[in-house]
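Colleague:
Residue numbers (UniProt numbering): 1 to 440.
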């Protein structure tokens with residue numbers, strides 16, 4: 001029952017025959033046809049009921065025939081998307097019916113000023129058609145007007161108005177057509193204005209997005225051309241030294257550790273680049289799953305184990321075992337690796353890093369606190385806004401590309417979270433980010 005009532009709602013009835021590819025103007029024209037069709041049907045039902053109770057039933061039969069001629073074909077044409085034929089049909093048939101009524105009244109010796117209705121119908125012709133069809137509609141409308149006037153003129157001079165109320169009805173119908181068409185034009189103008197505003201806003205947003213993507217592209221090429229090439233050259237020269245065979249065992253072990261560190265840096269950088277490239281693909285979709293936060297933190301710590309041990313640092317995972325989040329697990333792993341890598345890089349030897357998480361209403365807040373170099377207020381603001389990739393040497397002279405924090409911000413935003421930080425130069429930093437703790 002609810003489905004039936006929903007299908008019979010005013011909006012659904014007025015939207016009959018409308019599909020997404022229509023222009024706003026044609027969509028409004030079809031709505032106008034549907035409104036006229038509904039009003040015609042209601043009027044026919046009312047007059048039919050009046051004739052059924054107070055007449056002889058002849059008018060009811062005539063009205064049912066008129067209904068079959070006008071409403072049903074109109075509905076079927078709209079359903080079949082034959083719009084232009086539909087517009088011409090409704091315009092021509094209404095005029096033909098008026099002429100038929102004029103002839104009928106002539107035979108009865110009556111006159112109901114039907115030419116007044118033709119004036120109202122002229123407004124409908126201006127709305128439904130464009131250019132040449134508008135001219136054709138006006139010519140047809142004027143022709144029908146004078147045909148009805150000639151029919152009326154042929155009535156004997158002793159005619160009398162057949163029905164005072166029918167004259168009032170004719171004036172009302174004429175006024176109705178004019179008002180509906182004027183409202184249509186005003187509504188159509190407002191819709192075009194709103195559409196123009198929306199298109200301008202979309203264009204502005206697309207321009208801003210293109211500028212941002214262009215900026216990202218420049219940064220990406222800078223990373224590939226410099227930050228990725230430099231460690232690869234360093235690896236190549238280090239491996240060449242090993243191949244020469246002039247190093248002691250201790251020197252060889254030291255170089256192997258350096259290679260291990262460099263390959264991890266390159267691996268993390270490549271992961272960042274590939275995931276950033278995926279984010280830019282329009283068809284890319286994140287895989288949203290329930291994530292055990294503590295386990296992902298442990299994996300990030302394990303990934304940085306050699307760097308942590310090299311600086312003799314203490315990393316505390318204080319995330320409760322029951323803490324969960326919802327998002328793309330690969331993204332979360334990369335976010336934690338990047339933030340932890342920065343914390344290790346900028347912490348002093350024998351320093352401490354604390355990772356915590358706290359559930360708050362519909363989100364989980366994860367924090368990574370270090371006791372390192374810290375970041376100045378202006379530089380921190382620029383990094384968090386994504387306006388700059390901060391590239392600074394670590395406390396042991398570690399080189400970085402500044403991409404980790406920048407891309408972490410993008411991943412956090414993609415997963416419905418936000419990133420912020422507190423920091424003081426020389427006292428360390430605490431970076432916070434949120435993940436939803438409910439499915440989104």
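All C-beta atoms, glycine included, are put in the ideal place defined by N, C-alpha and C.
Can you have a look at residue 258 and say buried or exposed, based on whether 16 or more other CB atoms are within 10 angstroms of its CB?
Modeller: If you number the chain shown from 1, residue 258 lands on position 258. Answer is exposed; the Cβ neighbour count stays below 16.
Colleague: Would you kindly report the start and end of the unbroken beta strand (DSSP E) that includes residue 129?
Modeller: Residue 129 sits at position 129 when you count from the first residue of the chain shown. From DSSP, residue 129 is part of no beta strand (DSSP E); its letter is neither H nor E.
Colleague: Whole-angstrom Cβ separation of residue 365 and residue 336, contact assumed at under 8 Å?
Modeller: Residue numbering aside, residue 365 sits at position 365 when the chain shown is read from its first letter. Residue numbering aside, residue 336 sits at position 336 when the chain shown is read from its first letter. Incorrect: roughly 14 Å between the Cβ atoms, too far for contact.
Colleague: Taking the CB atoms as reference points, tell me whether residue 288 and residue 326 lie closer together than 8 Å.
Modeller: Within the chain shown, numbered from 1, the residue matching residue 288 stands at position 288. Within the chain shown, numbered from 1, the residue matching residue 326 stands at position 326. Contact flag set, yes.
Colleague: Please state whether the Cβ-Cβ distance between residue 434 and residue 417 is less than 8 Å.
Modeller: Along the chain shown, one-based indexing puts residue 434 at 434. Along the chain shown, one-based indexing puts residue 417 at 417. Taking 8 Å as the Cβ cut-off, residue 434 and residue 417 qualify as a contacting pair.
Colleague: Under the assumption that residue 291 contacts residue 318 (Cβ atoms under 8 Å), give the Cβ distance between them as a whole number of angstroms.
Modeller: Counting from 1 along the chain shown, the entry for residue 291 is found at position 291. Counting from 1 along the chain shown, the entry for residue 318 is found at position 318. No, residue 291 and residue 318 are not in contact; Cβ-Cβ is about 17 Å, not under 8 Å.
Colleague: Going by the CB atoms, is the gap between residue 77 and residue 85 shorter than 8 Å?
Modeller: As a working note, residue 85 is residue 85 in the chain shown. As a working note, residue 77 is residue 77 in the chain shown. For residue 85 and residue 77, yes; Cβs fall inside 8 Å.
Colleague: CB-CB under 6 Å to residue 37, same chain, minus the five flanking residues each way: which ones, in chain order?
Modeller: Reading the chain shown from its first residue, position 37 is the one you call residue 37. The answer, listed in chain order, is 71 and 74.
Colleague: Using three-state DSSP, classify residue 158 as helix, strand or coil.
Modeller: Residue numbering aside, residue 158 sits at position 158 when the chain shown is read from its first letter. In this prediction, residue 158 has a pLDDT of 45, which is less than 50 and means its spatial position is unreliable; what the coordinates show is noted afterwards. Reduced to three states, the DSSP call for residue 158 is coil.
Colleague: For residue 161, count neighbouring Cβ atoms within 10 angstroms of its own Cβ and tell me buried if that reaches 16, exposed if not.
Modeller: Here the question's residue 161 lines up with position 161 in the chain shown. Residue confidence for residue 161 is low, a pLDDT of 46 falling below 50, so the modelled location carries little weight; the figure read from the coordinates is stated next. Per the 10 Å Cβ criterion, exposed.
Colleague: Under a three-way DSSP split, which group does residue 328 fall into?
Modeller: Here residue 328 is taken as the residue at index 328 of the chain shown, counted from 1. Reduced to three states, the DSSP call for residue 328 is strand.
Colleague: In this structure, does DSSP put residue 196 in helix, strand or coil?
Modeller: As a first step, residue 196 must be located in the chain shown, where it is residue number 196. In this structure, residue 196 counts as helix in the three-state DSSP scheme.
Colleague: Taking the beta strand (DSSP E) that residue 408 belongs to, which residues open and close that run?
Modeller: On the chain shown, position 408 is the one that residue 408 refers to. Unbroken run through residue 408 is the alpha helix (DSSP H), 403-414; no beta strand (DSSP E).
Colleague: Am I right that residue 359 and residue 415 are in contact with their C-beta atoms under 8 Å? What's the rounded C-beta distance?
Modeller: For the purposes of this step, residue 359 is identified with residue 359 of the chain shown, where counting begins at 1. For the purposes of this step, residue 415 is identified with residue 415 of the chain shown, where counting begins at 1. With a Cβ gap of about 16 Å, residue 359 and residue 415 do not count as contacting.
Colleague: Residue 252 by DSSP, collapsed to three states: which one?
Modeller: Here residue 252 corresponds to residue number 252 of the chain shown, with the count starting at 1. Here residue 252 sits in helix by DSSP.
Colleague: How would you label residue 158, buried or exposed, when you count the other beta carbons within 10 angstroms and need 16 or more for buried?
Modeller: Position 158 of the chain shown, counted from the start, is the residue given in the question as residue 158. No answer about residue 158 holds up, because its pLDDT of 45 lies below 50 and its placement is not dependable.
Colleague: Kindly indicate which residue of 43, 140, 53 and 46 has the alpha-carbon position closest to the one of residue 88.
Modeller: Here residue 88 refers to the residue found at position 88 when the chain shown is read from its first residue. Per the Cα distances, 140.
Colleague: Assuming the contact rule is C-beta atoms closer than 8 Å, residue 195 and residue 377 should be a hit. Round their C-beta distance to whole Å, please.
Modeller: Locating residue 195 in the chain shown gives position 195, where the first residue counts as 1. Locating residue 377 in the chain shown gives position 377, where the first residue counts as 1. That belief does not hold up - the Cβ atoms of residue 195 and residue 377 are roughly 44 Å apart, past 8 Å.
Colleague: Assuming residue 375 and residue 425 form a contact by the criterion Cβ under 8 Å, report the distance between their Cβ atoms to the nearest whole angstrom.
Modeller: Reading the chain shown from its first residue, position 375 is the one you call residue 375. Reading the chain shown from its first residue, position 425 is the one you call residue 425. About 7 Å separates the two Cβ atoms, so the contact holds.
Colleague: Are the beta-carbon atoms belonging to residue 357 and residue 384 less than 8 Å from one another?
Modeller: Reading the chain shown from its first residue, position 357 is the one you call residue 357. Reading the chain shown from its first residue, position 384 is the one you call residue 384. The answer is no: Cβ separation not under 8 Å.
Colleague: If you compare alpha carbons, which of 20, 29 and 314 is closest to residue 350?
Modeller: One-based indexing of the chain shown puts residue 350 at position 350. The candidate whose alpha carbon is nearest that of residue 350 is 314.
Colleague: Can you tell me the Cα-Cα spacing of residue 373 and residue 346, whole angstroms?
Modeller: The residue given as residue 373 occupies position 373 in the chain shown. The residue given as residue 346 occupies position 346 in the chain shown. Their Cα atoms are separated by approximately 6 Å.
Colleague: Which word fits residue 52, buried or exposed, when buried means at least 16 other C-beta atoms lie within 10 angstroms of its C-beta?
Modeller: The count along the chain shown starts at 1 and reaches residue 52 at position 52. Flag for residue 52 reads exposed.
Colleague: Given a cut-off of 8 Å on the beta-carbon distance, is the pair residue 340 and residue 304 in contact?
Modeller: In the chain shown, residue 340 corresponds to position 340, counting from 1. In the chain shown, residue 304 corresponds to position 304, counting from 1. For residue 340 and residue 304, yes; Cβs fall inside 8 Å.
Colleague: The beta strand (DSSP E) that contains residue 363, what's its start and end?
Modeller: Taking the chain shown and counting its residues from 1, one reaches residue 363 at position 363. Segment 363-369, the beta strand (DSSP E) holding residue 363.
Colleague: Around the Cβ of residue 201, are there at least 16 other Cβ atoms within 10 angstroms (buried) or fewer (exposed)?
Modeller: Taking the chain shown and counting its residues from 1, one reaches residue 201 at position 201. The residue is exposed, with fewer than 16 neighbouring Cβ atoms inside 10 Å.
Colleague: Buried or exposed: which applies to residue 243, given that a residue is buried once 16 or more other Cβ atoms fall within 10 Å of its Cβ?
Modeller: Locating residue 243 in the chain shown gives position 243, where the first residue counts as 1. Exposed, since its Cβ has fewer than 16 Cβ neighbours within 10 Å.
Colleague: When we look at the beta-carbon of residue 146 and count the other beta-carbons within 10 Å, is it buried (16 or more) or exposed?
Modeller: Position 146 of the chain shown, counted from the start, is the residue given in the question as residue 146. Classification of residue 146: exposed, given that the 10 Å Cβ count is below 16.
Colleague: Have a look at 302, 250, 348 and 293 and flag the residue whose alpha-carbon is nearest the alpha-carbon of residue 322.
Modeller: Within the chain shown, the letter at position 322 stands for residue 322. The candidate whose alpha carbon is nearest that of residue 322 is 293.
Colleague: When burial is assigned at 16 or more other CB atoms within 10 Å of the CB, is residue 371 buried or exposed?
Modeller: As a first step, residue 371 must be located in the chain shown, where it is residue number 371. Buried.
Colleague: Helix, strand or coil, according to DSSP, for residue 354 in the structure here?
Modeller: For the purposes of this step, residue 354 is taken as residue 354 along the chain shown, with counting starting at 1. In the structure shown, residue 354 sits in a strand (DSSP, three-state: E or B).
Colleague: How many whole angstroms separate the CB atoms of residue 266 and residue 232, which I take to be in contact at a CB cut-off of 8 Å?
Modeller: What you label residue 266 is simply residue 266 of the chain shown in a count that begins at 1. What you label residue 232 is simply residue 232 of the chain shown in a count that begins at 1. With 8 Å as the limit, residue 266 and residue 232 qualify as a contact, their Cβ atoms being about 7 Å apart.
Colleague: Would residue 95 and residue 144 be called neighbours here (beta carbons separated by less than 8 Å)?
Modeller: Taking the chain shown and counting its residues from 1, the one referred to as residue 95 is at position 95. Taking the chain shown and counting its residues from 1, the one referred to as residue 144 is at position 144. Their beta carbons are under 8 Å apart, which means residue 95 touches residue 144 by this criterion.
Colleague: Taking the alpha carbon of residue 10 as the reference point, which residue from 138, 39 and 19 has its own alpha carbon closest?
Modeller: Residue mapping note: residue 10 aligns to position 10 of the chain shown, counting from 1. Minimum Cα distance to residue 10 is reached at 39.
Colleague: Would you please state the rounded distance, in angstroms, between the beta carbons of residue 476 and residue 408? I believe it to be under 8 Å.
Modeller: Missing from the structure shown is residue 476; the chain here goes from 1 to 440 and no further.
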